[in-house]
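Numbering (this note's numbering), first residue to last: 6 to 509.
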């Protein structure tokens with residue numbers, strides 16, 4: 006069996022000598038870390054030490070011996086408990102070795118538990134009926150292993166005093182500043198104002214009417230981030246678009262060749278320039294990792310299980326991944342007729358949030374961000390309307406308020422109206438309006454301050470986007486548009502260079 010009596014004794018000796026260190030190890034060490042099949046003496050001593058610490062009593066070898074004897078326990082090896090504890094107290098243990106010894110002891114527990122989980126998997130799989138599906142068999146193994154492993158990753162949940170850690174944390178950040186809390190997206194203004202939209206453990210939601218470009222925006226965003234940082238993307242399609250449709254769209258976006266030519270294969274006979282554009286894409290996509298999975302009809306639990314299986318099996322524990330979900334709607338696979346639609350949506354979003362924030366962790370911290378979308382209700386319709394009659398607030402979000410509650414960033418994406426296209430000539434085809442921002446970037450004023458228009462009125466800032474053949478570029482924000490109107494200033498596209506009017 007996997008254990009070390011010598012290491013257990015070393016840990017106990019350290020706790021007897023330095024009881025003030027107990028608080029540092031109490032979050033991850035308990036009596037189950039002391040092997041008991043051969044003898045429960047070490048486990049019993051640990052329990053007594055813990056009781057004394059909790060009661061703020063003195064940690065003395067004599068007191069520990071008396072407490073153990075009072076339990077009336079007969080130890081299998083007929084050990085003289087007083088002599089044993091006295092010997093532990095006489096051991097030479099450096100104070101700085103206690104924590105590291107506890108961590109080594111925990112590793113042995115992890116090994117024992119994984120071996121036990123493997124035996125449990127074997128036993129329970131053998132009992133499964135022949136009618137069990139492949140998914141049910143794999144999900145059973147996943148749940149047993151990952152449940153146990155995630156306990157070790159996250160540690161025990163206990164209340165902590167945030168002010169005890171503040172000084173050390175802030176000073177450490179001063180010594181080692183963090184540039185970004187997640188990958189930098191492809192749109193500079195957007196990132197400057199709202200920070201990373203792919204912050205691990207957080208959900209970004211784009212809300213828009215059907216056919217406006219929700220899928221297009223999220224896929225374009227994830228693909229460009231994946232290319233820049235070499236991060237794999239797991240894309241769940243909730244029964245809306247096929248793998249082939251996405252392949253064609255991305256080929257059009259990356260090549261600049263019209264979608265019709267890509268879909269029909271007529272690009273081959275459209276001339277050398279078109280052929281060269283198509284074939285220029287092949288070297289680019291060699292390193293791209295965008296994994297498509299149709300999850301239409303699956304329950305929320307099945308989707309979450311797929312995320313875990315893909316991450317641990319394909320990406321690998323400790324590596325980054327982006328979860329893209331297209332899009333939030335009622336999952337008929339959940340099949341709970343007792344729940345209202347908004348309740349089902351709340352459960353779905355909460356399950357995904359729990360998965361990326363508390364279940365898939367590395368050293369106790371989240372590693373996966375999620376970007377998703379949801380349809381607006383009819384209030385969000387912009388077609389055949391004037392810009393002044395369009396509502397641009399949280400009331401446009403459909404299905405459930407819990408979507409807004411659980412996300413960290415929420416944006417309203419809509420095409421510009423006819424009057425906006427006339428007035429905003431050269432500033433793109435779409436508006437991206439922030440509805441919620443739990444985190445902000447360096448340009449805080451751009452994110453929260455209203456913009457003064459030429460007529461003296463104030464308007465909420467927004468990002469201008471240009472959608473062209475399934476490719477998306479940023480064309481400044483409302484401040485750039487106002488500057489252009491007032492002073493004829495040119496706009497920066499994605500922060501790279503000054504460009505002429507896009508529509509001229």
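Cβ atoms here follow ideal geometry from the backbone N, Cα and C, with glycine treated the same way.
Query, Result
"Could you check how far apart the C-beta atoms of residue 21 and residue 64 are, in whole angstroms? I think they sit under 8 Å.", "6 Å"
"Could you compute how far the alpha carbon of residue 198 sits from the alpha carbon of residue 275?", "42 Å"
"As a quick exercise: from 288, 295, 271, 281, pick the residue whose alpha carbon is nearest that of residue 239.", "295"
"Near residue 87, what residues of its chain come up, given a Cβ to Cβ distance below 7 Å and the 5 sequence neighbours on each side ignored?", "70"
"Residues in its own chain within less than 7 Å of residue 440 by CB, not counting five upstream and five downstream?", "398, 399, 415, 416, 417"
"Report the rounded CA-to-CA distance for residue 443 versus residue 107, giving the unit in angstroms.", "37 Å"
"Who does residue 441 pair with in a DSSP beta bridge?", "415"
"List the endpoints of the continuous beta strand (DSSP E) containing residue 388.", "Counting along the chain, residue 388 falls outside any beta strand (DSSP E), and DSSP gives it neither H nor E."
"Within the stretch 230-272, note down every full alpha helix (DSSP H) run reaching 4 residues or more, in order along the chain.", "248-260, 264-269"
"Return the first residue and the last residue of the beta strand (DSSP E) that residue 295 is part of.", "295-299"
"The beta strand (DSSP E) with residue 380 in it runs from where to where?", "375-380"
"Using 9 Å as the threshold, is the C-beta distance between residue 316 and residue 243 below it?", "no"
"Could you give the first and the last residue of the continuous alpha helix (DSSP H) run that contains residue 492?", "483-492"
"So for residue 57, helix, strand or coil by DSSP?", "helix"
"Using CA atoms only, rank isn't needed, just tell me which of 382, 405, 406 is closest to residue 214.", "382"
"Please report the straight-line C-alpha distance between residue 165 and residue 234, rounded to a whole angstrom.", "35 Å"
"From 208, 468, 474, 404, pick the residue whose C-alpha is nearest to that of residue 191; which is it?", "468"
"Quick check on residue 310: does DSSP put it in helix, strand or coil?", "helix"
"For residue 267 and residue 253, I'd like the C-alpha separation in whole angstroms.", "6 Å"
"Give me the Cα-Cα distance between residue 346 and residue 335, rounded to the nearest whole angstrom.", "7 Å"
"Inspect the beta-carbon positions of residue 212 and residue 401 and report whether they are closer than 9 Å.", "yes"
"Are there three or more Cβ pairs, one per stretch, closer than 8 Å when the stretch 23-40 is compared with the stretch 123-143?", "no"
"Please report the distance separating the alpha-carbon of residue 298 from that of residue 247.", "9 Å"
"Are the CB atoms of residue 372 and residue 230 nearer to each other than 9 Å?", "no"
"Counting along the chain, where does the alpha helix (DSSP H) carrying residue 106 start and finish?", "100-132"
"Report the three-state DSSP secondary structure of residue 355 (helix, strand or coil).", "helix"
"By Cβ distance, which residues of its chain are closer than 8 Å to residue 126, with the 5 residues on each side in sequence left out?", "145, 146, 149, 150"
"CB-CB under 6 Å to residue 10, same chain, minus the five flanking residues each way: which ones, in chain order?", "none"
"Quick one: using the 10 Å Cβ neighbour count with 16 as the cut-off for buried, is residue 224 buried or exposed?", "buried"
"Per DSSP, which one or two residues make a beta bridge with residue 329?", "240, 376"
"Quick one: Cα of residue 273 to Cα of residue 222, how far?", "28 Å"
"So is residue 257 buried or exposed if we call it buried at 16+ other beta carbons inside 10 Å?", "buried"
"For residue 209, list the residues DSSP reports as bridge partners.", "376, 414"
"Taking its Cβ as the centre, do 16 or more other Cβ atoms sit within 10 Å of residue 343, making it buried, or is it exposed?", "exposed"
"Quick one, which of 314, 483, 227 has its alpha-carbon nearest residue 456's?", "483"
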